[in-house]
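Quick notes on the structure that follows.
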């Protein structure tokens, strides 16, 4: 039983971090950012919060859920540099340069 609580605690903190990153990226978007990008980060943040609080509904995460949550967080953190000040150019709905000039 103690192992389940450890998994639940780690998963909760990882999911809170995922939701925080998603919220920060949503804050950087504007009307020129593609709708799909905004929907993606909204759904990711909401899903992370629901998964993080799932032990309160009686569904404890195991190794697989905790590992997947950590993988998602690592994926978000690896693209941190591109999202630091503004959304990347490929997320824009206006003209995006295709090649280097």
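In the working numbering, the protein residues as written are 4 to 104.
Note that the Cβ used here is the ideal one computed from N, Cα and C, for glycine as well.
Residue of the options minimising C-alpha distance to residue i
i	options	result
residue 76	10, 32, 47	47
residue 15	94, 80, 64, 86	64
residue 88	41, 27, 20	27
Cα-Cα separation, residue i to residue j
i	j	result
residue 90	residue 59	35 Å
residue 34	residue 73	31 Å
residue 49	residue 6	26 Å
residue 66	residue 8	12 Å
residue 69	residue 62	13 Å
residue 84	residue 29	15 Å
residue 97	residue 13	40 Å
residue 38	residue 31	13 Å
residue 80	residue 42	19 Å
Beta carbon of residue i nearer than 7 Å to that of residue j
i	j	result
residue 57	residue 44	no
residue 18	residue 54	yes
residue 22	residue 51	yes
Three-state class that DSSP yields for residue i in the structure shown
i	result
residue 89	coil
residue 36	strand
Sequence-distant residues of its chain with Cβ nearer than 6 Å to residue i (five each side left out)
i	result
residue 36	90, 94
residue 86	28
Cβ neighbours of residue i in the same chain (closer than 8 Å, five flanking residues each side left out)
i	result
residue 40	32, 90, 94
residue 20	76
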